[in-house]
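Chains as they are written, first to last, in this note's numbering: chain R, 1 to 134; chain A, 1001 to 1134; chain D, 2001 to 2393; chain F, 3001 to 3393. C-beta atoms are modelled at their ideal positions from N, C-alpha and C, and glycine is treated no differently. Because the structure is a prediction, the values reported are computed rather than measured.
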Amino acid sequence: MVEIAQYSDTVMEHFMNPRNVGEIEDADGVGEVGNPVCGDMMTFYIKVDDGRLSDVKFKTFGCGAAIAVSSMVSEMAMGKTIDEALKITREDVADQLGGLPKQKMHCSNLGADALHKAIQDYQSKQKEKEAQHG
Amino acid sequence: MVEIAQYSDTVMEHFMNPRNVGEIEDADGVGEVGNPVCGDMMTFYIKVDDGRLSDVKFKTFGCGAAIAVSSMVSEMAMGKTIDEALKITREDVADQLGGLPKQKMHCSNLGADALHKAIQDYQSKQKEKEAQHG
Amino acid sequence: MAEVYLDHYAATPVLAEVADAMRPYLTEDFGNPSSLHQRGDTAREALYAAREQVAALIGAQPEEITFVSGGTEANNTAVKGVSWAARRKGNHLVVSSVEHFSVLNAARTMAKFDFEMTEVGVDDYGMVDPEDVRAAIRDDTVLVSVMAANGEIGTVQRTADIAAVAREKGVPFHTDAVAAAGYIPLNVTDLGVDAMSIASDLLYGPKGAGALWVRKGLRLMPLLDGGIQEDGRRGGTENMPGIVGMGKAAELAARDLASRAEGLTALRDRLIKGLMETIPRLRLTGHPSTRLPWNASFLVEFIEGESMLLFLDQKGISVSSGSACTSRALKGSHVLTACDVPAELASGSILFSLGLENTPEDIDYVLESLPPIVERLRQMSPLYAKYLKEGGG
Amino acid sequence: MAEVYLDHYAATPVLAEVADAMRPYLTEDFGNPSSLHQRGDTAREALYAAREQVAALIGAQPEEITFVSGGTEANNTAVKGVSWAARRKGNHLVVSSVEHFSVLNAARTMAKFDFEMTEVGVDDYGMVDPEDVRAAIRDDTVLVSVMAANGEIGTVQRTADIAAVAREKGVPFHTDAVAAAGYIPLNVTDLGVDAMSIASDLLYGPKGAGALWVRKGLRLMPLLDGGIQEDGRRGGTENMPGIVGMGKAAELAARDLASRAEGLTALRDRLIKGLMETIPRLRLTGHPSTRLPWNASFLVEFIEGESMLLFLDQKGISVSSGSACTSRALKGSHVLTACDVPAELASGSILFSLGLENTPEDIDYVLESLPPIVERLRQMSPLYAKYLKEGGG
Ligand SMILES: Cc1ncc(COP(=O)(O)O)c(C=O)c1O
Ligand SMILES: Cc1ncc(COP(=O)(O)O)c(C=O)c1O
């Protein structure tokens, strides 16, 4: 039996002091996952400079794990190349947080998904631009 | 709901110090009721003088109530006329004992029954004698 | 750090008088009430005294009280026990949609067998309309079960009116009074009910004890077969320390009912008023006036319950939430759903359950602590950002 | 007056260490393990620790332990829960005829529904023959339940052999270890069982707590529907003080098993030998050697159990009897009947259940007190008179 979960110290630290909360007005990419009906919703904003994520911000509606995951993902992605950022997996996020309670693992999925979605948004915008300029 | 019963002080007193335990070798009447399979068995012995019970004794196999009832019945019957003794009811016995737990009421029945059976035994023996002598 | 405990619906501390009453039954007076010797006598007397104390709280006869392990067992025994015993008469149950899971899931279990169940809905305040119960009763209905009050949203039902409908239709009526007993007057005769569940732990008694009152003559198939304890209605060695504690707790609850209710109501209203004034887009759940003295429950728009709880916990404030993330069920509260609360709003539920040791200062500490937490979480919330963009606020 | 308590099968006192462990969970640490704040954390940790302690006693995994309200609930959950969950596979149960009523009557309840049950008999010592179990198992058998040891007569069953038969036949095997746990080594893996019931109160833990161990994968329909406590296997707020107490009691029982068993066995044998030597026409019930360390049970010919109990009580000696007159059932012990004891003999049953605080002096006091009581009651007994007349003695 799984006892009801407790959060690791790292989760609590990120939850209490989340990094990179906010929006980026002129974001290069935006990714939104989840919806309030399911109880979790995350929006990630990225700025890309020279193929690197020069800024990452998020807004999150959700439980403690959702907020901590968002914060951790933003920190992990910051400064990474697009390719590196795309390689951040759900497991990486959970690991970096010192583990997540079983029933909260879906939150780590959401975080990585939101980041990847923002990158995809950036990439498709790039393609559009290239198509226009090309 | 009936809580599991407790015995009255009178029951306990008679149980601890039963009156008139024993047999009467040359009894005028003997009455036996119950059987060991049911968990209770009583044998009453009576001597009759001048239409009165001049001696009453009993042997009992059974629970605390059965023993107290036997003792009480023997005491109640002692010295009474045949008619008076036949009028001793189950209720009288229970009353004299200060009440009996509900599930032990059948014991008071047995006591009065055994006495009455001993009297009936005496009476039928009397009839036989009368028939022989008459 | 301040410690302000406002989660009495989850657990209450055992009162000192109750703990004192229990103690000997763990050690010196450890006898079994079925034993025929002196230790048995002592236990038997204590058991009977507790039965009287619990019966007195609800105006019942001691003989009609069955001690069980808690509210859940009381409810399961009532729902399943009455159903199975009546299965030759009929096989239909009526429950409300805001019942505790120990009633609702017990009825659903019966529905896996040859029973059918009808869930009677509620209005936005969580109130059951007695006429809806009337409409739900069929010829083959063997039990109606509607709670006396809901702990999650505080709404007190019109129990006497619902009982009257059931009685008129000749159907036994059970009420789950776990959240209500000790806080509002409950008299089984005045209410006209046939069975009632209560639990020790909401009465500042120990966890692990509860009682089912069943009117004489209402047949019940025991849930726990075994010895003939509890007049054959429930087997198992009696939980003597728990039962003695529940008895004492019931006695104190009966004695102090009015003053407890008054004190709690004052604190509750201070909290409700204070929060409604300081937090915008806050909604009270449950009935605004017909509610339990200890219950102050809300929906906070745009944010999620668990994150509020965690921040409050850091401030030393203990509360609970019906949000999916506070339960392992991964589903939001069925009670809020029944009250027609949209799922995204239900996520933001927060429940303050007040208790005897709470003070006005505790309330003021919450009034000071919660608004900044809400503000902070809203600043993080994409829903709040949207709302603002769309011209709200 | 001397006080010699020899009725530990009816009730044990809670050990001081156990009471100490429980105390905080009534008052300061009163949290609910489902709560998300710090009080919840404390409770959750204590719950898990207790689960580990209980699991360790029987060599099980903590996750496989379900806490319940006692041995009766554990047995009812096993018998009914496994049966209902398997009802599409089959509807036949096998139990022994010496099971505790919480197994036997639970199986009989199932037999009121669409189940059938087979009662496997025992020999005169109360022993089940594994081959009889094999013969009773059918294609539609969904559960075999045979106790690890019988508390009334002390006989320890060949649990591993019976489990092997069940396993060979592919049928889940439950054993009621309420009377055995803490007194004989029990390892669920070595025994090869699939489910095991234990109770706190026979372990010098508090009444009101018990545990059902179920091997992972064995499906169970919960008896108590409600919240998702105990991984969905048993609803209801956890009885934290009771569970913590049971955990501590299990830990101590595991630690001291060998020394407890040795001490009790010595006392038991002193009592058995002493009484057999001084009271004529006395019979030991149960197996002479394969028996529980704490059990010394007899039949005293020509007299009835309750009257012995009452006289012993006056001497400060507490014991029990399986005689009809000590129970409200008005029927003698089904266990003695199963052992082929004639009814008039069964009336004279007397059970000494020894405990940790007993001393050789206690035993000697019994050896001194009982023979005159027996003699006195025999002098009153018409059966004894007959026996003497017929040349006995
Ligand atoms: C209304 C209601 N009924 C039943 C229960 C179940 O009680 P317990 O958890 O004591 O078994 C609760 C628990 O909170 C409740 O609020
Ligand atoms: C073998 C056995 N099983 C089950 C039980 C029932 O346990 P409880 O009375 O704790 O519910 C007992 C009680 O003595 C027992 O001896």
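Buried versus exposed, by CB contacts within 10 Å (16 or more), residue i
i	result
D:Gln-2379	exposed
D:Arg-2255	exposed
F:Ser-3333	buried
A:Pro-1018	buried
D:Asn-2187	exposed
R:Val-2	A caution first: R:Val-2 carries a pLDDT of 33, below 50, which makes its placement in the model too unreliable to give a value.
R:Ser-124	exposed
F:Asp-3362	buried
F:Arg-3088	exposed
R:Ile-4	A caution first: R:Ile-4 carries a pLDDT of 42, below 50, which makes its placement in the model unreliable, though a value can still be read off. Buried, since its Cβ has 16 or more Cβ neighbours within 10 Å.
F:Pro-3293	buried
D:Gly-2031	buried
F:Pro-3360	exposed
F:Gln-3229	buried
Residue i and residue j closer than 8 Å at C-beta
i	j	result
D:Asn-2239	F:Ser-3197	no
D:Leu-2220	D:Thr-2077	yes
D:Ser-2096	D:Val-2120	yes
F:Val-3128	F:Val-3094	no
F:Val-3082	F:Gly-3126	no
R:Phe-44	R:Gly-31	yes
F:Gly-3208	D:Gly-2392	no
R:Asp-40	R:Lys-47	no
D:Ala-2148	D:Thr-2159	yes
Whole-angstrom distance between residue j and residue i, CA atom to CA atom
i	j	result
F:Gly-3235	F:Phe-3113	24 Å
F:Leu-3006	F:Ser-3321	11 Å
F:Thr-3175	F:Val-3193	7 Å
D:Leu-2203	D:Arg-2044	23 Å
F:Ala-3010	D:Thr-2237	8 Å
D:Ala-2343	D:Leu-2310	21 Å
R:Phe-15	D:Lys-2273	30 Å
D:Tyr-2384	D:Ala-2249	45 Å
A:Gln-1120	F:Leu-3299	35 Å
R:Glu-130	R:Ala-77	25 Å
F:Asp-3201	F:Ala-3253	12 Å
F:Leu-3057	F:Pro-3033	23 Å
F:Ile-3279	D:Asn-2105	58 Å
A:Leu-1026	F:Ser-3297	Checking the sequence shown, residue 1026 of chain A turns out to be Asp, not Leu. Whole-angstrom Cα-Cα distance: 40 Å.
R:Gly-62	D:Ala-2261	35 Å
F:Asp-3313	A:Val-1037	25 Å
D:Val-2122	D:Ala-2346	16 Å
Proximal residues to residue i (C-beta, below 6 Å), its chain only, five neighbours per side dropped
i	result
F:Phe-3101	none
D:Leu-2026	Pro-2241
D:Arg-2281	Glu-2301
F:Ala-3074	Val-3068, Ser-3197, Gly-3210, Leu-3212
F:Thr-3290	Val-3156
D:Pro-2062	Arg-2051, Glu-2052, Ala-2055
F:Lys-3315	Ser-3369
F:Asp-3111	A quick correction: the sequence has Ala, not Asp, at residue 3111 of chain F. If we look at F:Ala-3111 and ignore the five residues flanking it on each side, its Cβ neighbours are Met-3117.
A:Thr-1081	Gly-1051, Arg-1052
D:Gly-2205	Val-2018, Gly-2245, Met-2246, Ala-2249
R:Arg-90	Ser-108, Asn-109, Ala-112
Own chain residues within Cβ distance below 7 Å of residue i, not counting five before or after
i	result
F:Gly-3247	Ala-3049, Ala-3050, Gln-3053, Val-3054
D:Leu-2377	Ile-2303, Ser-2307, Met-2308
D:Ala-2163	Phe-2173, Leu-2191, Gly-2192, Val-2193
Sequence-distant residues of its chain with Cβ nearer than 8 Å to residue i (five each side left out)
i	result
R:Met-12	Gly-64, Ala-68
Around ligand 2, which residues pass a check of Cβ closer than 5 Å to any of its heavy atoms?
D:Gly-2236, D:Thr-2237, F:Gly-3070, F:Gly-3071, F:Thr-3072, F:His-3100, F:Ser-3102, F:Gly-3151, F:Asp-3176, F:Val-3178, F:Ala-3179, F:Ala-3199
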